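As structure tokens, the structure follows; a few thoughts come after it.
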Amino acid sequence: MTANDHDSQPMRGLRWLALLLLCAAYIQGPVTKILDFEGAIAEMTHFGLSPAPIFAIGVIVFELAMSALILLGRWRWLAALALAMFTLAATFVALRFWEMPAGQGRMMAMNAFFEHLGLIGGFIIVALDDFSRQKETVL
Numbered sequence: 009m010t011a012n013d014h015d016s017q018p019m020r021g022l023r024w025l026a027l028l029l030l031c032a033a034y035i036q037g038p039v040t041k042i043l044d045f046e047g048a049i050a051e052m053t054h055f056g057l058s059p060a061p062i063f064a065i066g067v068i069v070f071e072l073a074m075s076a077l078i079l080l081g082r083w084r085w086l087a088a089l090a091l092a093m094f095t096l097a098a099t100f101v102a103l104r105f106w107e108m109p110a111g112q113g114r115m116m117a118m119n120a121f122f123e124h125l126g127l128i129g130g131f132i133i134v135a136l137d138d139f140s141r142q143k144e145t146v147l
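Residue numbering for the sequence shown follows my numbering, beginning at 9 and increasing consecutively.
Rendered as structure tokens:
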């Protein structure tokens, strides 16, 4: 496979689909929060974030904006790193499985914790790839 094979139309389409799948939770989550804003406020309150309405709006705007930047290819590396850092912080706030009693709830939280680490890894790969592509176009 040559370097040009990576830029073929089917590969660009597959790449964009992969980015959409990586961003799916960061699109679905804010849409759900918009459709149930009271639920979004309750979620922020549950995690001790105050003032809850401001945090809810901030999360909605942030997740949608960063996803849009990634999908549009504008500052993709920066948006990917921002979502990686956001996901890391949110994971340690929301999925503290080590504080939970043994059982199904703890197991589900632990699984979600490590799935989020996988998302973080995916966003780091996107950032590195985009940054290296930018360097190649400059050279």
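We treat Cβ as the ideally placed atom computed from N, Cα and C, and that holds for glycine. Just so you know, these numbers come straight off a predicted model, no measurement behind them.
Asked: Drop a sphere of 10 angstroms on the beta-carbon of Ala32, count the other beta-carbons inside from all chains shown, and report buried for 16 or more, exposed for fewer.; Found: exposed
Asked: Who are the near neighbours of Ala48 in its chain, counting only those whose CB is closer than 6 Å to its CB and skipping five residues on each side?; Found: Lys41, Ala64
Asked: Taking the alpha carbon of Arg23 as the reference point, which residue from Gly81, Ala117, Ala120, Val101 has its own alpha carbon closest?; Found: Gly81
Asked: Tell me the start and end of each unbroken alpha helix (DSSP H) in the region 98-146 that is at least 4 residues and wholly inside, in chain order.; Found: 112-146
Asked: Please classify Phe100 as buried or exposed, where buried requires at least 16 neighbouring CB atoms within 10 angstroms.; Found: exposed
Asked: Apply the 10 Å Cβ neighbour rule to Asp15 and answer buried if 16 or more other Cβ atoms are within range, or exposed otherwise.; Found: exposed
Asked: Mapping DSSP to helix, strand and coil, what is Phe45?; Found: helix
Asked: To the nearest whole angstrom, what separates the beta carbons of Ile78 and Leu43, a pair I think is in contact under 8 Å?; Found: The pair is not a contact, with the Cβ atoms about 23 Å apart (cut-off 8 Å).
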